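Per our numbering, numbering through the sequence shown is continuous, rising by one, with the last residue being 614.
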Amino acid sequence: LEGGAFGTYRYVYNAALPDDVADDAWFRVGIGARRSFDDGSRAGVSTTLEFRVDGGEDAVVPAALTDNCNSCHQGIEGHGGRWTQTDACVTCHNPQTTDPDSGNTVDFRVMIHRIHMGANLPSVQAGEAYQIIGNRGSVHDFSNIHLPRSPSQGAACHGADEAAWPTPSYASCVACHDRTSFEAVTPAGFTRHTAGPRAEDTCSGCHPAAGTPTGLF
């Protein structure tokens with residue numbers, strides 16, 4: 398990391414981009430900062446920048462809007478207060494991330510759906526706890542969370558005009574229906590998916606790609 402003039406910085410990665418990266422591939426960089434004050438208070442802020450390899454400017458539309466989160470939570474302050482935007486959250490909380498203590502994924506779209514389902518998760522109703530283990534072993538137990546509206550009201554979090562959230566996907570569905578099995582052999586404690594095993598790209602055969610997918614709750 399190299400400091401420049403007027404509060405600018407330059408960071409050079411050790412590895413170069415692979416030669417086969419598509420010209421229209423999207424990348425995101427994020428930065429967060431937190432400041433502590435003499436009176437004991439603190440303030441944080443984060444921001445992100447998305448860019449394409451070819452310099453294209455197609456818009457990246459977030460699936461969850463920060464303003465919608467803040468309408469209930471009065472401000473996102475992740476990991477000590479420095480992460481304040483959902484775009485920053487999903488940069489790290491991606492499908493590759495897992496809580497090593499509980500074994501639960503911390504992929505944002507799965508984790509946030511499960512947090513808001515809380516007490517209504519089939520796994521919780523079956524007697525399990527839904528927990529994420531945080532910094533220094535702190536236990537965050539979301540088993541008693543009660544969302545003050547139906548989980549099917551996706552517009553409350555995603556925005557009424559959001560194009561991404563109504564699209565059925567396996568990962569998003571099992572985030573809430575965490576004891577529904579899509580396997581050929583249903584494991585103990587799970588309920589077989591009504592239509593049996595299905596590939597990720599066949600959801601729309603039963604669940605429409607527009608509007609709230611049918612038969613959710």
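Glycine is no exception: its CB is placed at the ideal position from the N, C-alpha and C atoms. Note that the structure is a prediction, hence the values are computed from the model and not measured.
Residue i to residue j span [Cα, whole Å]
| i | j | result |
| --- | --- | --- |
| Phe614 | Pro415 | Residue confidence for Phe614 is low, a pLDDT of 49 falling below 50, so the modelled location carries little weight; the figure read from the coordinates is stated next. Straight-line Cα distance between these residues: approximately 44 Å. |
| Val450 | Pro492 | 22 Å |
| Ala430 | Ala402 | 18 Å |
| Gln482 | Arg407 | 22 Å |
| Ala412 | Gly441 | 30 Å |
| Leu462 | Val409 | 30 Å |
| Ser566 | Val426 | 26 Å |
| Gln471 | Trp480 | 14 Å |
| Asp504 | Asp496 | 10 Å |
| Glu454 | Asp417 | 21 Å |
| Phe539 | Ser443 | 25 Å |
| His537 | Asn517 | 17 Å |
| His490 | Arg506 | 8 Å |
| Gly515 | Glu447 | 32 Å |
| Pro584 | Asp435 | 55 Å |
| Gly556 | Phe424 | 24 Å |
| Asp420 | Thr494 | 26 Å |
| Ser547 | Arg439 | 35 Å |
| Gln550 | Pro594 | 27 Å |
| Gly437 | Gly500 | 35 Å |
Candidates the options: closest to residue i by CA position
| i | options | result |
| --- | --- | --- |
| Thr445 | Val487, Ser433, Phe505 and Pro584 | Val487 |
| Cys554 | Ser443, Asp464 and Asp417 | Asp464 |
| Gly586 | Ile512, Gln522, Arg506 and Val409 | Gln522 |
| Ser433 | Gly500, Asp417 and Gly478 | Gly478 |
| Tyr570 | Gly534, Asp420 and Pro519 | Checking the displayed sequence, the identity of residue 570 turns out to be Cys instead of Tyr. Of the listed residues, the one whose Cα sits closest to Cys570 is Pro519. |
| Ala485 | Gly524, Ile473 and Thr495 | Ile473 |
| Arg533 | His574, Phe579, His476 and Cys603 | His476 |
| Ala422 | Gly400, Gly452, Asp435 and Asp436 | Gly452 |
| Ala552 | Cys600, Ser468 and Ala581 | Ser468 |
| Cys600 | Asn541, Ala581, Ala568 and Gly556 | Ala568 |
| Ala581 | Thr494, Asp420 and His590 | His590 |
| Thr502 | Phe424, Gly400 and Cys573 | Cys573 |
Same chain, Cβ closer than 7 Å to residue i, five either side skipped, listed in chain order
| i | result |
| --- | --- |
| Asp498 | Ile530 |
| Ile428 | Ser443 and Thr444 |
| Gly400 | Tyr406 |
Sequence-distant residues of the same chain with beta carbon closer than 8 Å to residue i, five excluded per side
| i | result |
| --- | --- |
| Pro545 | none |
| Leu398 | Tyr406, Arg407 and Tyr408 |
| Thr588 | Pro519, Arg576, Thr577 and Ser578 |
| Ile542 | Ile512, His513, Met514, Gly515 and Ala516 |
| Cys466 | Ile473, Thr483 and Cys554 |
| Gly404 | none |
Residue i at chain C interface by Cβ criterion, 8 Å
| i | result |
| --- | --- |
| Ile530 | Chain labels in this structure do not include chain C; a single protein chain is all it has. |
Rounded distance between the beta-carbons of residue j and residue i, thought under 8 Å
| i | j | result |
| --- | --- | --- |
| Ala596 | Cys603 | In fact, because the Cβ distance is near 13 Å, the residues do not count as touching under 8 Å. |
- Message: Tell me whether the segment 526-541 and the segment 505-513 touch, counting them as touching only if at least three CB pairs, one residue from each stretch, are closer than 8 Å.
- Response: yes
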